[in-house]
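Student: Got a structure for you, questions after.
There are 2 protein chains.
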Amino acid sequence: MTEQELTDRVLDKVAGAPDLRFRDVMLALVKHLHGFIREVGLTQEEWRRAIDFLTATGQKCDAKRQEFILLSDTLGVSMLVDAVNHRLHQGATESTVLGPFHVAGAPMLPLGADIAEGEPGVPTFVSGRVTDVGGKPIAGAELDVWQTDADGFYDVQRPSLGAMRLRGKFTTDAEGGYRFRTVKPVSYPIPTDGPVGRMLEKLGSHPYRPAHLHMIVSAEGHAPIATHIFVAGDPYIDSDAVFGVKPSLIADFTEHAPGPAPDGTRMDRPFCDIRFDFKLSPIQP
Amino acid sequence: MTEQELTDRVLDKVAGAPDLRFRDVMLALVKHLHGFIREVGLTQEEWRRAIDFLTATGQKCDAKRQEFILLSDTLGVSMLVDAVNHRLHQGATESTVLGPFHVAGAPMLPLGADIAEGEPGVPTFVSGRVTDVGGKPIAGAELDVWQTDADGFYDVQRPSLGAMRLRGKFTTDAEGGYRFRTVKPVSYPIPTDGPVGRMLEKLGSHPYRPAHLHMIVSAEGHAPIATHIFVAGDPYIDSDAVFGVKPSLIADFTEHAPGPAPDGTRMDRPFCDIRFDFKLSPIQP
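Residue numbers (numbering that gives the first Met the number 0), protein chains in the order written: chain H, 0 to 284; chain B, 0 to 284.
Okay, here's the thing in structure tokens:
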């Protein structure tokens, strides 16, 4: 049996799958998986190491850690899946990786609220509008926001907290406007104490993500979007460990000396403000 | 950023890996992984299910169960890796999957010994010679043999046994000859209570392997070989769940009425005998 005959036998078997979409996905998977192995002439020892790596990756996963998503992120797979699923949304705000730190059920807060609640960090005022792709304001759109603290950790990475922090949901006003206060996000490494960290090391790659705010923006009749606002000038802006940066998602976090703040209060220390508008696509038919 | 630009950015990063072999393997992996995703237009929901599947596969593994090897086996990957690593061994006995049930340290037994030790099943006498590819006998070659019991289970799948069973090592005599007694192996399903079982079900494929004896044959100065002897006429001989069958590895388990046996004893019930010769390659320079 030649190598190609073997591949053909596997393809013949997969071709019998009754679910036609599953069949097509598996046919392409087998074709590429076998193509990869033939192309590199994968050795038995490399195969064993791959089995060990995949096993360790699965076993590193628990309720708060998803090492396979991290693997997908660091190989650009998550961004590619995002890209192939948003091929039609021209004109809308671009999406990027969801990441593993979104938590359902963040508190619904009034516009202007502070999600940082006294956390250390540079106070930052975020505002903008949510519109459709034609620029028409969308009232009642929801922004689900989350981010790291000033040390680069999400609340779920600090189990001792026992509560949500630096998360909140906001609803746009009649003009599609939103505004909230927070602290400036910082760049941070993805977790490196698992198999993916060892892979990055062997790749000679750093594990850092440039500073960003996460949000899912959604509104009735429109396609929801999971995206980031990246901090312009971040040292990792051109080398995001998960390939999440798109130029349209980078914003100036303008720094101000102490004085009047955008929310009408007076700040006694330096602060940032940033304006970012979101454009949502209609739901695809 | 277009889909191709994204892939190029990932390839650029991987191209910086200091280990050149690792670099080449990872470049091919990223190329095929991204190619697969673009080709099928993998949806976010399919991606999530893939993440869940891989995670569950890793978490199903323990000291006695290797679900990723099972996945590799059932997608023909193990056989393909075997094939690409034995491209040069023309004329030698063909190899096939090692499988997950080999255990180091099986007992060294005298030629002619019975590895079945009173197990139920059809008594079977196995014999043959180990030679080099030119047909010259190899004295002192080792056969490490293992197989299922008459119910289709390996000893390690019956934890209550607490001991090895249906395993043994034999050393060829001055003419390269070997012989041992056992029971006829039976076809059996690979474990289906994990993610791979669910995949096979969705593929509409059965999980059975045709009946076979496992062995690793090794001798000084020669390339060791992990292979099977398959039972001719098995109902699954053309549809092995792990694609392990090669025509050259199928042997007639000839059935005999009660009477004189190959080892000089007299059998009071029907028995099989089978002759199979192994040819080993010189070690590649």
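By construction, the Cβ of each residue, glycine as well, lies at the ideal position given by its N, Cα and C atoms. Since the model is a prediction, treat every value here as computed from it, not as a measurement.
#1: Suppose the cutoff is 6 Å on Cβ atoms and the five residues either side in sequence are ignored; what does the same chain contact list for residue 180 of chain B look like?
#2: Looking at residue 252 of chain H: is its Cβ nearer than 8 Å to the Cβ of residue 230 of chain H?
#3: With a threshold of 7 Å on Cβ separation, who are the neighbours of residue 94 of chain B within its own chain once the five nearest residues in sequence on each side are excluded?
#4: Per the contact definition of three or more C-beta pairs closer than 8 Å, is the stretch 267-274 of chain H in contact with the stretch 40-50 of chain H?
#5: I need the DSSP call for residue 163 of chain B, collapsed to helix, strand or coil.
#6: Would you be able to state if there are at least three C-beta pairs under 8 Å between the stretch 174-191 of chain B and the stretch 24-42 of chain B?
#7: Just to check my reading of the structure: residue 260 of chain H and residue 233 of chain H have Cβ atoms closer than 8 Å, yes? What is that Cβ distance to the nearest angstrom?
#8: Taking only the alpha-carbon atoms, compute the straight-line gap between residue 8 of chain B and residue 242 of chain H and give it to the nearest angstrom.
#9: Could you list which residues in chain H have their beta carbon closer than 8 Å to that of residue 251 of chain B, in chain order?
#10: Would residue 127 of chain B and residue 275 of chain B qualify as a contact pair, given that the criterion is a beta-carbon distance under 8 Å?
#11: Measure how close the beta-carbons of residue 205 of chain H and residue 137 of chain H come, nearest whole angstrom, since I'm counting them as under 8 Å.
#12: Can we say the stretch 144-151 of chain H touches the stretch 161-172 of chain H, given the rule of at least three CB pairs closer than 8 Å?
#13: If residue 278 of chain H and residue 130 of chain H are in contact, beta carbons under 8 Å, what's the gap, nearest whole angstrom?
#14: Would you please state the rounded distance, in angstroms, between the beta carbons of residue 74 of chain B and residue 53 of chain H? I believe it to be under 8 Å.
#15: Return the Cβ separation of residue 79 of chain H and residue 2 of chain B in integer angstroms, given the expectation that the two are a contact with Cβ distance under 8 Å.
#16: Is it the case that the CB of residue 162 of chain B approaches a heavy atom of the ligand NAP more closely than 7 Å?
#17: Check the DSSP bridge columns for residue 273 of chain B and list the partner residues they point to.
#18: Could you tell me the boundaries of the beta strand (DSSP E) in which residue 76 of chain H lies?
#19: Is the CB-CB distance between residue 203 of chain H and residue 27 of chain B below 8 Å?
#20: Please state whether DSSP places residue 27 of chain B in a helix, a strand or coil.
#21: Does DSSP classify residue 291 of chain B as helix, strand or coil?
#22: Between residue 92 of chain H and chain B, is there a C-beta pair that is closer than 8 Å?
Tutor: In this structure, then:
#1: 113, 124
#2: yes
#3: 81, 85, 224, 225, 226
#4: no
#5: coil
#6: no
#7: Contact flag wrong, Cβ pair sits at about 23 Å.
#8: 8 Å
#9: Neighbours of residue 251 of chain B on chain H: none; closest Cβ ~20 Å, over 8 Å.
#10: yes
#11: Actually they are not in contact, since the Cβ atoms of residue 205 of chain H and residue 137 of chain H sit about 38 Å apart, beyond 8 Å.
#12: yes
#13: 6 Å
#14: That pair is no contact at about 13 Å.
#15: 6 Å
#16: Although the ligand NAP was asked about, the structure shown includes no ligands whatsoever.
#17: B:125
#18: Premise fails: residue 76 of chain H lies in the alpha helix (DSSP H), 76-83, not in any beta strand (DSSP E).
#19: no
#20: helix
#21: Any question about residue 291 of chain B goes unanswered here, given that chain B covers just 0 to 284.
#22: no
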